[in-house]
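Encoded as structure tokens, the structure appears first; notes follow it.
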Amino acid sequence: TQFADDTTLTASGPHLNELTQSIESELNKVLDWLIANKLIINLTKTHSMLFSNKRCDRKISIRVNNTVLEQKSECKFLGIIVDDQLNWKAHIKYISSKISKTIAILRLLKYTFPKHILRTLYMSLIYPYFVYCNVIWEAADKTIVEPLIILQKKAIRIISRVYYTEHTAPLFISLNL
Numbered sequence: 001t002q003f004a005d006d007t008t009l010t011a012s013g014p015h016l017n018e019l020t021q022s023i024e025s026e027l028n029k030v031l032d033w034l035i036a037n038k039l040i041i042n043l044t045k046t047h048s049m050l051f052s053n054k055r056c057d058r059k060i061s062i063r064v065n066n067t068v069l070e071q072k073s074e075c076k077f078l079g080i081i082v083d084d085q086l087n088w089k090a091h092i093k094y095i096s097s098k099i100s101k102t103i104a105i106l107r108l109l110k111y112t113f114p115k116h117i118l119r120t121l122y123m124s125l126i127y128p129y130f131v132y133c134n135v136i137w138e139a140a141d142k143t144i145v146e147p148l149i150i151l152q153k154k155a156i157r158i159i160s161r162v163y164y165t166e167h168t169a170p171l172f173i174s175l176n177l
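Start counting the sequence shown at 1; every next residue gets the next number (full-length UniProt numbering).
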């Protein structure tokens, strides 16, 4: 027996009650298929999330095999933190934290390595956070994305070994970024 990890089911509908019934029905079909193929899903690790543009009760109760699925407001999916508002705050906060830690290391190495090595470190350790699935979250509100822009400029200033108030447009050009 093997576990069926990272299985995702999506459904949409205008009425929450009908949607709940539809999801429960489809989940039971999925569970039957998994059992037939000697796979198991861990219902204690299975959860639901409700996306809605309406300001109504945002609770959904989905029951499968007498287990009520935990409803979450955010979850990680393929490395992206998806939240039920689709505003990407949680994801941007998460990658900002990762980038900040790497920038701290870059700052420590600033005078140890030449610029081209620092640029290579930036391209391999920081830049991927800016480009991975950015088509999904880059349309987020400007105030939500702003911390990423600030971090990127901070990294560029460190690589270029300039003062923290230095204008960054010429630095991006000189580093070919």
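Here a beta-carbon is modelled for each residue, glycine too, at the ideal position from N, C-alpha and C.
Counterpart residues of residue i in DSSP-defined beta bridges
i     : result
PHE77 : ILE80
GLN71 : SER48
ARG63 : VAL68
Sequence-distant residues of the same chain with beta carbon closer than 7 Å to residue i, five excluded per side
i           : result
residue 224 : The chain is shown from 1 up to 177; residue 224 falls before or after that span and cannot be answered.
Contact belief for residue i with residue j at Cβ below 8 Å, rounded distance in angstroms
i      : j      : result
ARG157 : THR168 : 7 Å
ARG119 : ILE159 : 6 Å
THR20  : ILE60  : 6 Å
TYR129 : ALA155 : With a Cβ gap of about 11 Å, TYR129 and ALA155 do not count as contacting.
Nearest-angstrom Cα separation, counted from residue j out to residue i
i      : j      : result
ILE150 : LYS115 : 20 Å
ALA104 : CYS133 : 24 Å
TYR94  : VAL135 : 17 Å
SER22  : HIS15  : 11 Å
6 Å Cβ shell around residue i - same chain, five flanking residues per side excluded
i      : result
LEU125 : THR102
LEU69  : THR46, HIS47, SER48 and ILE62
Three-pair Cβ contact test at 8 Å for the stretch 30 to 50 versus the stretch 60 to 80:
yes
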